[in-house]
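Chemist: Under my numbering, the sequence shown is numbered contiguously, ending at residue 1488.
To start, I am sharing the structure in question, which I have written as structure tokens.
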Amino acid sequence: MSDAQRPSDETTHTPLATHKIELGDVRLTPPSSPRGRPMSPLTPNTPGVSSFNREVDAFLDKHEERLKRHRGARFYCVWATVLWAATMAALGAFFVHSDRTTHSCATTAAPRRAALPRRDATLTKFAWGSCADQMGPQPYWDAVHRYGPDLLILAGDNVYGDCETPGCPELAFAYRNLTTKPSFVGAAAAIPMVFAWDDHDFGLNDGGAANPYLAHAKELFLSFVEAGPRDERRSRPGTYTSYAFGAGDRRVQIVILDTRSFRSDFSLDSNATNATGPYAPRPDGFMLGDLQWQWLEDRLREPAALRLLVSSIQIVADGHAFECWRMIPRERERLYAVLAARRGGAVIGLSGDRHKGGAYRTLDGFREFTASSFTHTTPCDRDPRAVECEDEDEPGPHRLGPMVHVNHFGTVDVDWDRRVASVALRRAETEQGNGHLSVFDDVARNSTWCAGCALQRYDVPFD
1026 MSDAQRPSDE TTHTPLATHK IELGDVRLTP PSSPRGRPMS PLTPNTPGVS SFNREVDAFL
1086 DKHEERLKRH RGARFYCVWA TVLWAATMAA LGAFFVHSDR TTHSCATTAA PRRAALPRRD
1146 ATLTKFAWGS CADQMGPQPY WDAVHRYGPD LLILAGDNVY GDCETPGCPE LAFAYRNLTT
1206 KPSFVGAAAA IPMVFAWDDH DFGLNDGGAA NPYLAHAKEL FLSFVEAGPR DERRSRPGTY
1266 TSYAFGAGDR RVQIVILDTR SFRSDFSLDS NATNATGPYA PRPDGFMLGD LQWQWLEDRL
1326 REPAALRLLV SSIQIVADGH AFECWRMIPR ERERLYAVLA ARRGGAVIGL SGDRHKGGAY
1386 RTLDGFREFT ASSFTHTTPC DRDPRAVECE DEDEPGPHRL GPMVHVNHFG TVDVDWDRRV
1446 ASVALRRAET EQGNGHLSVF DDVARNSTWC AGCALQRYDV PFD
């Protein structure tokens, strides 16, 4: 991308930054015994996790009973379920053992999940990320924990549980595998978290409103995020929600969109290639639905000095034909108009989904930052170890710099006195796959190979 294509304003880009993380002690307790069914090798003695796992068990019991009623397919279905569950248990046993022994924040006997900050608390440190494969190691929990955010936003694809068999037991198993990971249990007890969902925790790759398992996926999601019986998401369609912290000129608002429950199917492009994506813009499509649009307008009328707008898919990006707001042009233009009509406060967009990191800015000044993925970012073709490979990146006049091609997460550090939000994309793990620094961390202070070190940094001023 030429200099003429790059938007120029007060936003500054620092390619490298430092963030020192100290190695923590590993303190583990023996795992509890699982239930009779060989679904999961570990059931932590944690009230929140245990409650969620009981709900998963109840669903799986119901699923097995339904299979038994299909007389003609009973033998095949029962044995297929047993073999599949045994395979998942074996894989889970391997990864849980690895997870327990390699993470400084891992634990199997933690208190309940960390409570959200008080509504009147002034927050200064936020982290977000997306796309985490629950079946493999998740070293990023150490790096995020050492960064120490006041709030962590998990922006979708928090598990991969695509529905492939009747009843969709895959999604329940996916959540079970995540919630029994010692690293997740330990991190969730220490870091306040809020959540969005995307297609793989929605149960259908690239799915929208036509997903036949939408209601089932929503129930599992709300149980996973521990939404109480009075949570507004239980009484209306969708999973969109918002939070606000602080007061006056230090009030921050987090707005989490649901880009799945109401979305039209994208139009397929008959001339598309695997490299550029399969879709073409659909002029008559819908993204948020009438209720969510009205809700968003109402939220943006509320006072805030800084707003973090979370969309699981990219808003500004123009350089690909995969899932993004560009595929439904009128909805993206409507979003820009709604943001422009807000009641003051700067807006920063946070997104995921793409398995690449990036920074974007529209001509009107709206900035979006994409952090994806925690565990399986698309590497550079010419050098799989390279952080950046701009010659291979997606084109587009709104991209601010090269994309990030190693596992990473994003952070937002707010300086309320200077009125600047510093947004960074940080490496999620070392090249050796660890989420904490080695004993040579002092050598890495100005490097990009250490877990938690900033790969890119952008300063965003706000009034």
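Every residue, glycine too, gets a C-beta built ideally from N, C-alpha and C.
So, helix, strand or coil for Lys1381, using DSSP?
Modeler: The count along the sequence shown starts at 1 and reaches residue 1381 at position 356. Three-state result, Lys1381: coil.
Chemist: Which runs of the alpha helix (DSSP H) fall wholly inside the segment 1156-1200 and span at least 4 residues, in chain order?
Modeler: 1165-1172
Chemist: Identify the continuous alpha helix (DSSP H) that holds Ser1208 and give its terminal residues.
Modeler: Start at 1 with the first residue of the sequence shown, and residue 1208 comes out as number 183. Pro1207 to Ala1215 is the extent of the alpha helix (DSSP H) around Ser1208.
Chemist: Express the C-alpha separation of Asp1145 and Ala1300 in angstroms, rounding to a whole number.
Modeler: Here the question's residue 1300 lines up with position 275 in the sequence shown. Here the question's residue 1145 lines up with position 120 in the sequence shown. So the two alpha carbons sit approximately 47 Å from each other.
Chemist: Report the residue from Gly1344, Ala1269, Arg1285 and Pro1308 whose alpha carbon sits nearest the alpha carbon of Arg1525.
Modeler: Lying outside 1026 to 1488, the shown extent of the chain, residue 1525 is not represented and no answer is given.
Chemist: Helix, strand or coil for His1401? Go by DSSP, reduced to three states.
Modeler: As a first step, residue 1401 must be located in the sequence shown, where it is residue number 376. Here His1401 sits in coil by DSSP.
Chemist: Give the straight-line distance between the Cα atoms of Pro1308 and Gln1481, rounded to the nearest whole angstrom.
Modeler: As a position in the sequence shown, residue 1308 is number 283, starting the count at 1. As a position in the sequence shown, residue 1481 is number 456, starting the count at 1. Rounded to whole angstroms, Pro1308 to Gln1481 spans 35 Å at the Cα level.
Chemist: Consult DSSP for Leu1141 and reduce its assignment to one of helix, strand or coil.
Modeler: Here residue 1141 is taken as the residue at index 116 of the sequence shown, counted from 1. Leu1141 falls in the coil class under three-state DSSP.
Chemist: Within the same chain, show all residues whose beta-carbon is closer than 7 Å to that of Ile1281, passing over the 5 residues directly before and after it, in chain order.
Modeler: Counting from one through the sequence shown, the residue named residue 1281 turns up at place 256. Contacts found: Val1219, Ala1221, Tyr1265, Thr1266, Ser1267 and Val1335.
Chemist: Just curious, the beta strand (DSSP E) that Leu1333 is in, first and last residue?
Modeler: Residue numbering aside, residue 1333 sits at position 308 when the sequence shown is read from its first letter. Leu1331 to Ser1336 is the span of the beta strand (DSSP E), which, as asked, contains Leu1333.
Chemist: Report yes if the CB atom of Trp1153 is closer than 8 Å to the CB atom of Leu1331, and no otherwise.
Modeler: As a position in the sequence shown, residue 1153 is number 128, starting the count at 1. As a position in the sequence shown, residue 1331 is number 306, starting the count at 1. Not a contact, by the Cβ cut-off of 8 Å.
Chemist: According to DSSP, which residues form a beta bridge with Cys1349?
Modeler: Counting from one through the sequence shown, the residue named residue 1349 turns up at place 324. Partner(s): Gln1339.
Chemist: Just tell me which of Pro1217, Ala1199, Gln1159 and Asp1158 has its CA closest to the CA of Leu1177.
Modeler: Here the question's residue 1177 lines up with position 152 in the sequence shown. Selected option, being the one with the closest Cα: Pro1217.
Chemist: Under 8 Å, do His1430 and Val1412 count as touching if we go by C-beta distance?
Modeler: Within the sequence shown, numbered from 1, the residue matching residue 1430 stands at position 405. Within the sequence shown, numbered from 1, the residue matching residue 1412 stands at position 387. Cβ distance < 8 Å, so His1430 and Val1412 count as in contact.
Chemist: Roughly how far, in whole angstroms, is the beta-carbon of Leu1229 from the beta-carbon of Cys1188, given that I think they are within contact range, below 8 Å?
Modeler: Translated into positions along the sequence shown, residue 1229 becomes position 204. Translated into positions along the sequence shown, residue 1188 becomes position 163. Leu1229 to Cys1188, Cβ: 6 Å. Contact.
Chemist: From the DSSP secondary-structure annotation, give me the bridge partner or partners of Arg1491.
Modeler: Look at the range of the chain in this structure, 1026 to 1488, and you will see that residue 1491 is not part of it.
Chemist: So the candidates are Pro1194, Pro1254, Pro1237 and Asp1274; which of them puts its Cα closest to the Cα of Ala1371?
Modeler: One-based indexing of the sequence shown puts residue 1371 at position 346. Looking only at Pro1194, Pro1254, Pro1237 and Asp1274, the smallest Cα-Cα distance to Ala1371 is reached by Asp1274.
Chemist: Of the residues Gln1159, Val1184, Val1169 and Ala1342, which one's Cα is nearest the Cα of Ala1449?
Modeler: Your numbering for residue 1449 matches position 424 in the sequence shown. Minimum Cα distance to Ala1449 is reached at Val1169.
Chemist: Would Asp1175 and Lys1150 qualify as a contact pair, given that the criterion is a beta-carbon distance under 8 Å?
Modeler: As a working note, residue 1175 is residue 150 in the sequence shown. As a working note, residue 1150 is residue 125 in the sequence shown. Yes, Cβ-Cβ distance for Asp1175 and Lys1150 is below 8 Å.
Chemist: What is the rounded straight-line gap between the Cα of Tyr1185 and the Cα of Arg1143?
Modeler: Looking up residue 1185 in the sequence shown gives position 160. Looking up residue 1143 in the sequence shown gives position 118. Rounded to whole angstroms, Tyr1185 and Arg1143 show a C-alpha spacing of 32 Å.
Chemist: Under the assumption that Leu1333 contacts Val1277 (Cβ atoms under 8 Å), give the Cβ distance between them as a whole number of angstroms.
Modeler: Within the sequence shown, the letter at position 308 stands for residue 1333. Within the sequence shown, the letter at position 252 stands for residue 1277. Sure, about 7 Å apart at Cβ, within 8 Å.
Chemist: Whole-angstrom Cβ separation of Ile1338 and Asp1378, contact assumed at under 8 Å?
Modeler: Stepping through the sequence shown from its first residue, residue 1338 is reached at position 313. Stepping through the sequence shown from its first residue, residue 1378 is reached at position 353. So it is a contact: roughly 5 Å between Cβ atoms.
Chemist: On a CA-only basis, which of Asp1182, Gly1382, Asp1294 and Gly1233 is nearest Gln1159? Give me that one, please.
Modeler: Taking the first residue of the sequence shown as 1, we reach residue 1159 at position 134. Ranking Asp1182, Gly1382, Asp1294 and Gly1233 by Cα distance to Gln1159 puts Asp1182 first.
Chemist: In chain order, what residues of the same chain have a beta carbon less than 6 Å from the beta carbon of Pro1354, not counting five sequence neighbours either side?
Modeler: Residue 1354 sits at position 329 when you count from the first residue of the sequence shown. Hits under 6 Å: Pro1306.
Chemist: Can you give the Cα-Cα distance for Gly1263 and Phe1287, rounded to whole angstroms?
Modeler: Translated into the one-based positions of the sequence shown, residue 1263 becomes position 238. Translated into the one-based positions of the sequence shown, residue 1287 becomes position 262. So the two alpha carbons sit approximately 8 Å from each other.
Chemist: Excluding five sequence neighbours on each side, which residues of the same chain lie with their C-beta closer than 7 Å to the C-beta of Ala1180?
Modeler: For the purposes of this step, residue 1180 is taken as the residue at position 155 of the sequence shown. For Ala1180, where only same-chain residues beyond five positions count, the Cβ hits under 7 Å are Trp1153, Gly1154, Ser1155, Ala1221, Val1335, Ser1337, Leu1375, Ser1376 and Gly1377.
Chemist: Pro1354 lies in the alpha helix (DSSP H); which residues open and close that run?
Modeler: On the sequence shown, residue 1354 is found 329 positions in, with the first residue counted as 1. Unbroken alpha helix (DSSP H) run through Pro1354: Pro1354 to Ala1365.
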